[in-house]
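Mapped onto numbering that gives the first Met the number 0, the consecutive letters of the sequence shown carry residue numbers 0 to 694.
Built from N, CA and C at the ideal position, the CB exists for glycine as well.
A short write-up of the structure that comes next.
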Amino acid sequence: MSIAPLDPAPLDPALDRENPGDLLARVFGFSHFRPGQEEIVRAVIGGQDVLAIMPTGGGKSLCYQLPALARDGLTVVISPLIALMRDQVGAMQQAGVAAAALTSGNSPEENEEIFSALQDRRLKLLYIAPERLASSATTGLLRRSGCGLIAVDEAHCVSQWGHDFRPDYLRIGELRRTLGVPLAAFTATADAATRSEIVDRLFDGSDPATFLRGFDRPNIRLAFAVKDSPRKQIMAFAEARRGQSGIVYCATRARTETLAKALADAGHPTRAYHGGLEDWERRKVEGLFQTEDGLIVCATVAFGMGVDKPDVRWVAHSDLPKSIEAYYQEIGRAGRDGLPADTLTLFGSDDIRLRRAQIDDSNAPAERREADHGRLNALLGLAEATSCRRRMLLAYFGEISEPCGNCDLCDSPAKLFDATEPVRKALSAMLRTGESFGTNHLIDILTGNATDKIRQRGHDQLPTFAVGRDLKRASWQAVFRQMMGRDLVRPDAERYGALRMTEAARPILRGESGLTFRADSIESAGSRAEPRALVSDDDAPMLSALKAHRRALAQAAKVPPYVIFNDRSLIEMAEKRPDTLDAFARITGVGATKLDRFGASFLAVITGQAETVTHPARVRLASRGGGSLYDRLLETEQALARGACGTLKPLSLSTAQRARLAEQRPRDLSSLARLIGDKATERFGAAFLEVLAEE
């Protein structure tokens, strides 16, 4: 989809650009900021350098979009993916903001129009990819265009040891120094080391105003399950959410293809997405995901930062993510609209081995590899948690919380057992065999399974042979998996995955400490709670009709449906059933421009009546809360059109005059006369002042 560079409806010049709340309501259609947003917005408007770490879906984009409108000059947004830029530009244009993006997907004609707008300083927001900074011409272009602010999205991409490192992000600091303008950097996940790297590389080591906002996403339900026929588990999870948009993250390209085919064969609209696809194929999947309701994408982590779709209702992991930060960011693709969303993460011993090996085989320094093992340990601890998962997840990010009531362990408390003795037996078997064997061989020893391999090595003569017959093989597999999860043992890549003991296990082996493990880890994904309905049965037909109307408007405008209105707005319409423009203007997400463009047509769907044409001045008043006053003035005017006696020559005001009265609200006859003239004041003045005095 091409990116239209300019919006034909300019921002209302009457907006108070000094008041962030005024801009929030009239442009974005929100009555209040989300927690933490206003403080960041005011700091950016004030010209401070800012580093904001906010939860995925916490409203980061508004924290630079709104200041762009409040500040003079152009705001340049450096963003990592074309899909993300395209969606944000479309949303801004639909809200009446002059925004554009310079991307490799633009046509020459589109670029020419953008360059012309930049030269004339008609743009408020310009999105560019970091790779464009490699051209020396870019800096000159931004200087000539009056750039007054740089915003950096996904700022963790500047970290050279991060999974999302983008080399061209290293050029941003030089751009800031050359232009001499403030910089605001935003990211969802940044530990202390990454934050320090961001400060060094983007702010030259000078401390920016730093905002670390809460990481809780209470609308997202957390759940983990041990792999037990993973394809069936994913299929069951998707089937319970048929018709809802979702993402399945996979560890390999091949798995994205096989799962996508299985889901498609089961009747789910599904696409695969991975780095092996051609660029045009990936762009096609990105576009379909943004515009089609209910599409499922089976993807590697290549499908990540560009996902800004607010109505993703679920995210599943068919394989364990790389770290707790990666997990948090990936599940954060769900429920960005604040409505209920579900997650399911599958994991098993093979996942743990793979992730450990990836860390050990990397070229990172030893201290970095150790830190990565720590991040993986945190995720494994979350997977094998014995109590509220959200409480544990937030604790990792330094937050204290109460049990959430919205995770699988809050719904069904874990069954626990004292694992001290089984773990000591397992460690003893490992040490007596020279830490040279993997899980299956060790379980054969513990359960007394005298295989040829066991007998050939004389392991059937060990003191530990058959000491674990009290546990079934599946139980021993759970014990070893949880031992790996607690980092008591690690697979050794140099010895083909043989388990070796870590220092953390020695106190247990010596009897100095004990362990409690999960006894119920292997569960069916189908036992999870069903997804919650977004609206009542009574409102569901109306919501469907509103979605169909939104889809038609989006197709005509060539934008994703949520750019017209997101699901939260449609749900509020379906539940509240506004029947006037004034009531419609109070729906969350309805700003002045959207009220003007879409208000009448959505009202027609809600009321079942023909769409009516309303004067633009009256529509504008509805967005500002002055619509009812306008209507009362009109009623008063019509009652006195022929004077109090009813015999005088008819007299009326123009719509513009009436709108000015409702906007300015004069309190005396002289002020009134300046707006509507002496003749109209003589006939309507006293009655108008009575109406105005009641406001």
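Mapping the DSSP letters down to three states, classify P490 as helix, strand or coil. P490 falls in the strand class under three-state DSSP.
Relative to the C-alpha of G347, which candidate in T463, A638, A603 and S317 has its C-alpha closest? The option with the nearest alpha carbon to G347 is S317.
How many Å lie between G525 and N439 at the Cα? Reliability of the predicted coordinates at G525 is poor, the pLDDT of 40 falling under 50, and the value obtained from them is presented with this limitation in mind. If you draw a straight line from the Cα of G525 to the Cα of N439, it is about 28 Å long.
Give me, in chain order, the residues of the same chain whose beta-carbon lies closer than 7 Å to that of R374; leave out the 5 immediate sequence neighbours on both sides. Result list for R374: S322, I323 and E324, in chain order.
Quick check: L580 and L552, are their CB atoms within less than 8 Å of each other? No, the pair does not count as a contact, with Cβ atoms beyond the cut-off.
Own chain, CB closer than 7 Å to M84, minus 5 neighbours either side, in chain order: These residues qualify, in order along the chain: S78, A100, T102 and Y126.
F516 to P506 span [Cα, whole Å]: Distance between the alpha carbons of F516 and P506 is about 16 Å.
Rounded to the nearest angstrom, how far is the Cβ of L569 from that of L545, given a contact under 8 Å? Sure, about 5 Å apart at Cβ, within 8 Å.
Taking Cβ positions, are V198 and I171 nearer each other than 8 Å? I171 is positioned such that its CB atom lies no closer than 8 Å to that of V198.
If distances are taken between C-alpha atoms only, which option among A413, P66 and G380 comes closest to A183? Among A413, P66 and G380, the Cα nearest to that of A183 is on P66.
Simplified DSSP assignment, three categories, for V49: Look at V49 here: in three-state DSSP terms it is strand.
Taking 8 Å as the cut-off, does the stretch 474-485 touch the stretch 423-443 (at least 3 CB pairs, one atom from each stretch)? Enough Cβ pairs lie closer than 8 Å, so yes.
Per the DSSP calculation, V225 is bridged to which residue(s)? Bridge partners of V225: F346.
Across the stretch 137-148 and the stretch 69-77, are there enough close Cβ pairs to call them in contact, namely three or more that are closer than 8 Å? Touching, yes.
Contact defined as beta carbons within less than 8 Å: I believe A672 pairs with T680. What is the distance between those atoms, to the nearest angstrom? Indeed they touch by this definition, with Cβ atoms about 4 Å apart.
Host alpha helix (DSSP H) of C297 (start-end): Element bounds for C297: not the alpha helix (DSSP H) but the beta strand (DSSP E), I295 to A298.
Go through its chain and collect everything with a Cβ distance to R44's Cβ below 7 Å, but skip five positions before and after it. Correcting the residue identity first, residue 44 is Ile in this sequence and not Arg. These residues qualify, in order along the chain: P19, P66, A69 and R70.
E238 versus V314 - alpha carbon distance: One C-alpha to the other measures close to 13 Å.
Cβ pair D566, L287 closer than 8 Å: Not closer than 8 Å, so no.
Short Cβ contact (8 Å threshold) for S400 with L393: For the pair S400 and L393, the CB atoms are nearer than the 8 Å cut-off.
Spatial neighbours of G179 within its chain, please: CB distance less than 8 Å, with the 5 preceding and 5 following residues excluded, ordered by chain position. Taken in chain order, the list of residues that qualify is empty.
Going along the chain, which residues of its own chain have a beta-carbon closer than 7 Å to the beta-carbon of L174, five neighbours each way excluded? Once the five neighbours on either side are set aside, the close Cβ partners of L174 are L132, T138 and I149.
Per the contact definition of three or more C-beta pairs closer than 8 Å, is the stretch 249-260 in contact with the stretch 360-380? For the pair of segments examined, the stretch 360-380 was found not to touch the stretch 249-260: the number of CB pairs separated by less than 8 Å stays below three.
Determine the direct distance from the alpha carbon of G28 to that of L688, and round the result to whole angstroms. Cα to Cα, the separation comes out at about 31 Å.
List the endpoints of the continuous beta strand (DSSP E) containing T515. T515 to R517 is the extent of the beta strand (DSSP E) around T515.
Tell me whether F214 is buried or exposed, calling it buried when 16 or more other Cβ atoms sit within 10 Å of its Cβ. F214 should be labelled buried.
Pairwise C-alpha distance: A224 and R550: Straight-line Cα distance between these residues: approximately 36 Å.
To which residues of the same chain is V26 closer than 6 Å at the C-beta, ignoring the five residues directly before and after it? Only A94 and G590 meet the Cβ criterion.
Look at the alpha carbon of I246 and the alpha carbon of V311, and state the distance between them as a whole number of angstroms. Each residue's alpha carbon lies about 8 Å from the other.
When the distance is taken between beta carbons, is A82 closer than 8 Å to E285? Cβ distance < 8 Å, so E285 and A82 count as in contact.
Hey, A518 and L415 are a contact pair by Cβ (cut 8 Å); roughly how many whole angstroms apart? That pair is a contact at about 6 Å.
Less than 8 Å between the C-beta atoms of D486 and A222, yes or no? When the beta-carbon positions are compared, D486 and A222 stay at least 8 Å from each other.
Just list the residues that DSSP pairs D341 with in beta bridges. Bridge partners of D341: R220 and W313.
Can you look up C409 in the DSSP assignment and give me helix, strand or coil? Of the three classes helix, strand and coil, the one that applies to C409 here is helix, per DSSP.
According to the neighbour-count rule (16 or more other Cβ atoms, all chains shown, within 10 Å of its Cβ), is H548 buried or exposed? Classification of H548: buried, given that the 10 Å Cβ count is 16 or more.
Please report how far the alpha carbon of D417 lies from the alpha carbon of Q554, in whole angstroms. Each residue's Cα considered, the two are about 59 Å apart.
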